[in-house]
Amino acid sequence: NMEKIAFIGLGNMGGPMAANLARAGYDVTAFDLSETALAQAVANGCARGESAQQSVQGVDVVISMLPSGDAVKGLYLGARGLLQALSENALVIDCSTISAVDARQLIAAASERGIRAVDAPVSGGTAAAAAGTLSFMCGGDAGAVDAARPFLQAMGASIFHAGPAGSGQVAKICNNMLLAIHMIGTAEALQLGVDNGLDPTVLSDIMKASSGGNWSLEKYNPYPGVMDGVPASSGYAGGFAVALMLKDLGLAMDTAAGSASSTPLGALAKNLYQLHGGSDENRRLDFSSIQNLFRRPAGE
Ligand code: NAD
Numbered sequence: 047n048m049e050k051i052a053f054i055g056l057g058n059m060g061g062p063m064a065a066n067l068a069r070a071g072y073d074v075t076a077f078d079l080s081e082t083a084l085a086q087a088v089a090n091g092c093a094r095g096e097s098a099q100q101s102v103q104g105v106d107v108v109i110s111m112l113p114s115g116d117a118v119k120g121l122y123l124g125a126r127g128l129l130q131a132l133s134e135n136a137l138v139i140d141c142s143t144i145s146a147v148d149a150r151q152l153i154a155a156a157s158e159r160g161i162r163a164v165d166a167p168v169s170g171g172t173a174a175a176a177a178g179t180l181s182f183m184c185g186g187d188a189g190a191v192d193a194a195r196p197f198l199q200a201m202g203a204s205i206f207h208a209g210p211a212g213s214g215q216v217a218k219i220c221n222n223m224l225l226a227i228h229m230i231g232t233a234e235a236l237q238l239g240v241d242n243g244l245d246p247t248v249l250s251d252i253m254k255a256s257s258g259g260n261w262s263l264e265k266y267n268p269y270p271g272v273m274d275g276v277p278a279s280s281g282y283a284g285g286f287a288v289a290l291m292l293k294d295l296g297l298a299m300d301t302a303a304g305s306a307s308s309t310p311l312g313a314l315a316k317n318l319y320q321l322h323g324g325s326d327e328n329r330r331l332d333f334s335s336i337q338n339l340f341r342r343p344a345g346e
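First residue of the sequence shown: 47, per the numbering used here; consecutive thereafter.
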């Protein structure tokens, strides 16, 4: 693996993703605004970038994993943006979850400079990032997506080409909107059973073998004590934060507005997560903590 990679954004997801590229033998220069995140990447085998601009000097590929569309546009676009610093043969892979509109703007700006770019948001969370088993949903030209594949394979287990520029982002928010809806439905159904005297584990076993079965119930049960190794069984710590689910539901609603699509359950899911995420404390909890919205104080 002789290609040189710059990896920008070494947070909960980007940190372990960059480490997996270094482990696969790539020459990875890493950069993050956070010194702690950067030091961790260096400990994991990446070279220390002094700035984003310096990190991309002479590299073949730039991979970014940033919190928002504004952060991504700030990094690549404008007079000091990375697109100005990259050579024509370079490949840009943005793995951040951002709006399809922002992703298309980035890819179009790259294309004007003769640079290939793809949107490649991920599904799987921090455990999959560490294990190198993420799912990538790519948008862009087939040629650019194929060029990105070897790098994505070093970080993930499955790679989908969803369609043209921005399509990866559309697939990602469709998935996460559905995830929010079935998580809330699962929490609501479990509480109805518990309020009527059922054991949540017995009810879960019944629904798993029946037509109510779904990923939230089977793999990420929101009711405390039903399943080991999920956030519900450790006070809803870790996992996928309510704040991030709210961001994704916001992107889903913006996308629906743009296409005049009717997404009533997505809108309700966003409202329920907004209600639940009314405090900073709740916004930091895993999204399965929506169960608490339905639970009653003991004795009522
Ligand atoms: P994070 O906040 O842990 O990491 C983001 C990192 O980017 C931080 O270290 C921050 O310092 C850095 N950063 C911000 N602006 C920068 C800039 N201009 N230059 C350099 N570094 C900069 O977030 P995360 O959990 O790693 O998530 C990253 C993206 O992945 C988000 O878009 C999120 O929606 C998406 N995502 C997260 C998960 C998850 O489970 N955490 C799952 C799927 C997708």
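Think of the CB as a built atom: it goes at the ideal place given N, C-alpha and C, for glycine as much as any other residue.
Worksheet entry | Cutoff 7 Å: Gly171 Cβ touching any chain C Cβ | Although the question refers to chain C, the structure presented lacks it and comprises just one protein chain.
Item to complete: Evaluate contact between the stretch 194-205 and the stretch 54-71, counting only Cβ atoms and requiring at least three cross-stretch pairs below 8 Å.
Response: Contact between the stretch 194-205 and the stretch 54-71 is present: three or more C-beta pairs spanning the two stretches fall below 8 Å.
Worksheet item: Closer than 6 Å: is that where the CB of Leu137 sits relative to any heavy atom of the ligand NAD?
Response: The sequence position of residue 137 within the sequence shown is 91, counting from 1. For Leu137, the distance from the CB to the nearest heavy atom of the ligand NAD is not below 6 Å.
Item to complete: Go through the stretch 228-280 residue by residue and report every complete run of the alpha helix (DSSP H) that reaches 4 residues or more, in order.
Response: List check, alpha helix (DSSP H) in window: 246-254, 261-265.
Worksheet item: Are the CB atoms of Phe286 and Phe333 nearer to each other than 7 Å?
Response: To locate residue 286, count along the sequence shown from 1; it is residue 240. To locate residue 333, count along the sequence shown from 1; it is residue 287. Taking the C-beta atoms as reference points, Phe333 is found nearer than 7 Å to Phe286.
Fill in: Presumed contact (8 Å Cβ cut-off) between Ala190 and Arg162, rounded CB distance
Mapped onto the sequence shown, residue 190 falls at position 144. Mapped onto the sequence shown, residue 162 falls at position 116. Rounded to whole angstroms, the Cβ separation of Ala190 and Arg162 is 4 Å, and the two are in contact under 8 Å.
Discussion item. Using CA atoms only, rank isn't needed, just tell me which of Leu152, Pro167, Pro343 is closest to Gln237.
Written reply: Locating residue 237 in the sequence shown gives position 191, where the first residue counts as 1. For Gln237, the nearest C-alpha among the options comes from Pro343.
Discussion item. Run through the DSSP bridge pairs and tell me what Leu137 is partnered with.
Written reply: Along the sequence shown, read from residue 1 onward, the residue named residue 137 stands at position 91. Leu137 pairs with Val107, Arg162.
Discussion item. Could you check whether the Cβ of Ala298 sits closer than 6 Å to any heavy atom belonging to the ligand MG?
Written reply: Looking at this structure, you won't find the ligand MG anywhere; what it does contain is the ligand NAD.
Worksheet item: Alpha carbon to alpha carbon, what distance is there between Leu132 and Pro310?
Response: Here residue 310 corresponds to residue number 264 of the sequence shown, with the count starting at 1. Here residue 132 corresponds to residue number 86 of the sequence shown, with the count starting at 1. Distance between the alpha carbons of Pro310 and Leu132 is about 43 Å.
Worksheet item: Between which two residues does the alpha helix (DSSP H) carrying Met299 extend?
Response: On the sequence shown, position 253 is the one that residue 299 refers to. Note, Met299: alpha helix (DSSP H), 288-305.
Worksheet entry | Residues of its chain near Leu292, where Cβ-Cβ distance is below 6 Å and the 5 sequence neighbours each way are ignored | Residue numbering aside, residue 292 sits at position 246 when the sequence shown is read from its first letter. Only Tyr319, Gly323 meet the Cβ criterion.
Discussion item. Strictly by DSSP, which residues pair up with Thr75?
Written reply: Here residue 75 corresponds to residue number 29 of the sequence shown, with the count starting at 1. In DSSP, Thr75 forms a bridge with Ala52, Ala93.
Worksheet item: Could you give the distance in angstroms between the alpha-carbon of His228 and the alpha-carbon of Asn221?
Response: Stepping through the sequence shown from its first residue, residue 228 is reached at position 182. Stepping through the sequence shown from its first residue, residue 221 is reached at position 175. Approximately 11 Å between the Cα atoms of the pair.
Practice prompt. Taking 7 Å as the cut-off, decide whether the C-beta atoms of Ala76 and Cys92 are in contact.
Written response: One-based indexing of the sequence shown puts residue 76 at position 30. One-based indexing of the sequence shown puts residue 92 at position 46. In this structure, the beta-carbon distance from Ala76 to Cys92 falls below 7 Å.
Worksheet item: To which residues of the same chain is Gly115 closer than 6 Å at the C-beta, ignoring the five residues directly before and after it?
Response: Residue 115 sits at position 69 when you count from the first residue of the sequence shown. These residues qualify, in order along the chain: Ile144, Ser145, Asp148.
Fill in: Any non-hydrogen atom of the ligand NAD within 6 Å of Thr172 CB
In the sequence shown, residue 172 corresponds to position 126, counting from 1. Indeed, a heavy atom of the ligand NAD lies less than 6 Å from the Cβ.
Fill in: Own chain, CB closer than 8 Å to Ala315, minus 5 neighbours either side, in chain order
Along the sequence shown, read from residue 1 onward, the residue named residue 315 stands at position 269. Met223, Ala226, Ile227, Ile230, Leu295.
Worksheet item: Quick one: is Asn135 buried, meaning 16 or more other Cβ sit within 10 Å of its Cβ, or exposed?
Response: As a position in the sequence shown, residue 135 is number 89, starting the count at 1. When all chains shown are included, Asn135 counts as exposed.
Discussion item. Given this structure, state the Cα-to-Cα distance separating Val272 from Asp187, to the nearest angstrom.
Written reply: Position 226 of the sequence shown, counted from the first residue, corresponds to residue 272. Position 141 of the sequence shown, counted from the first residue, corresponds to residue 187. In this model, Val272 and Asp187 are separated by some 44 Å (Cα to Cα).
Practice prompt. Please state whether DSSP places Ser142 in a helix, a strand or coil.
Written response: Counted from its first residue, the sequence shown places residue 142 at position 96. Here Ser142 carries a coil assignment [DSSP, helix/strand/coil].
Worksheet entry | Cβ-based burial, Asn242 [other Cβ within 10 Å; buried from 16] | In the sequence shown, counting from the first residue as 1, residue 242 sits at position 196. It is exposed - the Cβ of Asn242 has fewer than 16 other Cβ atoms within 10 Å.
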